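Just so you know, we're using the UniProt record's numbering here: the sequence shown kicks off at 1 and counts up by one.
Here is the structure we will look at, set down as structure tokens.
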Amino acid sequence: MSGPFGIRCTEKNKISLATLLTGLVSLSVALTLTILLLASYHSNKESLFETTFALNYSAATKMSHSIDSLFQSMRAGLAYTGARLSAGDLSDSQEMQRQLEALRLGSHYFNSIAVVDETGLVRGVDPPSVGTAGLHIATEATKEALAVKKSYISKPYYSVNGRLIVFMSEPLFDKDGIYRGYIGGSLYLQENNILNMMFGMHNLNSDGSYFYVVSSNGYLLFHPDKSRIGEDGSANLIVQKVLRGESGYDQVTNSQGITFLAGYSPVLENGWGVVVQSPINVVYDELNRNIHTLLLYTLAPFAVLMITAIWLARRLAHPFVSLANLAGRLGRGERIVLPDVKHHWNREADLLTQTITLALSDLQKQTEQLAHAAMTDSLTGLTNRRTFESIMTQWTEEQYSFALIVMDIDRFKSINDTYGHQAGDEVLKHLAHVVTSSVGPHDLCCRYGGEEFVVLLPLATVPEALITAERIRTAFETRENPLGTPVTISSGIAHFPSHAESADMLFQRADHALYRAKEAGKNRTIVAD
């Protein structure tokens, strides 16, 4: 209910005990499930990362060892055939061709094999379709192989035929130790070669995992994307590590911006490196599948647990809710009929119900007394400050027109100092009596605090408020008071909404008018500007 003479009682939304217990139980179960899922997520993530790293590192190590063994065999094959050729006559082209063909077809190590003498002349080549027999060598790699006079493996380069090649050679010495040239084999990197035969033509797995081989200077020698063979990969951090002779595993982002979990290992025989890597998205996809599976298995038991816990929480809260409802009705001023005491299965609830039921009977009697005491000033019996502020705030919010008189006993401190506080209290009670007898039945008289009093005049105009204030001032000055000597008051008047738009501002305007009355000589009434 609201109006000029009543206090609006707004009930704030409160959380009931049943709702609170239900919420706590639900939150506990939800947090438990969340913690379980998070712990499982991080545990599975670490496990999957470690497993992927270990598998890729193991695969890279095995491949590097295989390539290492392969190149040792390739060198041995070249050296063996070279020794047989050195022991004979390099001018015997038929025998040379037979030996070269036997090595190429028997081992499948090389795409082509050639013998070059010390002058750089190609004495023999297999297959003959290469077409370089009888010509002098033209590439830097073959010239370098001739110059070093020892085992040699080139970096990737393009031959005169436009093929991307890796070339390796073994020197030829006759029985007197004189250098006779070299026997060299070539791998055509962009065509079928021994690496394809060894590791497969397509090394890209369905999950996106793959491996690649880099040369000693970082160029791609083997890759699932053949268009990238011969590409410079030295900017890759993993490639840099493996070319330094390091082995291990790490997370890396490639030139396309894709993050991988990579294992890497160097090839000791030729300085190459092998990198095996899996997209990190594969790990996260597997991780998400594991979490979804875990969620499916745990959701039903947790749902049953939550429903059971909620039911139990509401059962526990029921007696307390009933008692709270009774206490709430009593707190709102309603008269309640106490129910028969019921015994509850919960010991604490049973004891509390019996105790509170007995206490509510006494509490109901005291409530009415306390409600009255809470709204009145104990000394004067007038409405107290809290009630006054609540009513004035309500009226201003509802745009209800009224006038406010703020009055103060002049020289009240002197009265207390001269006659004592007990006499001062009697003067306060006397003023309260004068005020209540000087206003209308609908006007509200309040003690604001100390020697300050206020009067709310609903629907009053400023002139009407001034007449009332002067009537109070004159009556207080002229009537006989407990001191037997004249006592005066000063007053300030403000009007809503003429002087202010809020309760606080209105009181400040009236209080300022009171201050001006004091400054002007006391015992007078001044209206706010």
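Glycine included, each C-beta is placed from N, C-alpha and C at the ideal position.
For clarity, every value in this text was computed on a predicted model and none was experimentally measured.
Nearest neighbour of Asn270 by Cα position, chosen from His65, Pro497, Arg509, turns out to be His65. For Phe110, no beta strand (DSSP E) run applies, since DSSP gives it neither H nor E.
Inter-residue distance for Leu296 and Glu46 is about 22 Å (C-alpha atoms, whole angstroms). By DSSP's assignment, Thr525 forms a beta bridge with Ser491.
Pairing Ala494 with Leu506 gives a Cβ-Cβ distance under 9 Å. In the three-state scheme derived from DSSP, where H, G and I count as helix and E and B as strand, Glu501 is classed as coil. When the Cα atoms are used, His512 and Gly492 turn out to be separated by approximately 7 Å. Put simply, of Leu221, Ala235, Pro266, Ser234 the residue whose alpha carbon is nearest the alpha carbon of Val242 is Pro266.
Residue pairing by DSSP places Met168 opposite Ile153, Gly185 in a beta bridge.
In summary, Gln277 is buried, with 16 or more beta-carbon neighbours lying within 10 Å of its beta-carbon over all protein chains present. Cβ-Cβ distances below 7 Å link Thr132 to Ala114, Val122, Val125 in the same chain, with the five nearest sequence neighbours on each side left out; the list follows chain order. Contact annotation: Leu379 and Arg447 have beta-carbon atoms nearer than 9 Å. Burial check for Ala76: the Cβ neighbour count within 10 Å stays below 16, so the residue is exposed. Contact check for Gly181 and Val116: beta-carbon distance about 5 Å, within the 8 Å limit, so the pair qualifies. Counting C-beta pairs closer than 8 Å gives three or more between the segment 247–264 and the segment 229–237, which meets the contact rule.
Taking a 10 Å sphere around the C-beta of Gln99, we find 16 or more other C-beta atoms and assign the residue as buried. Taking the CA atoms as reference points, Glu452 sits about 10 Å from Leu431. Residue Leu33 holds the alpha-carbon nearest to the alpha-carbon of Ala303 among Ile15, Asp174, Leu21, Leu33.
For Tyr400, the three-state secondary structure derived from DSSP is coil.
Here the alpha carbon of Val25 sits roughly 10 Å from the alpha carbon of Arg314. The straight-line gap separating the alpha-carbon atoms of Ala500 and Ile467 is approximately 21 Å. Nearest neighbour of Gly230 by Cα position, chosen from Ser186, Ser169, Leu164, turns out to be Leu164. Assignment of beta-bridge partners to Pro441 by DSSP yields no partner.
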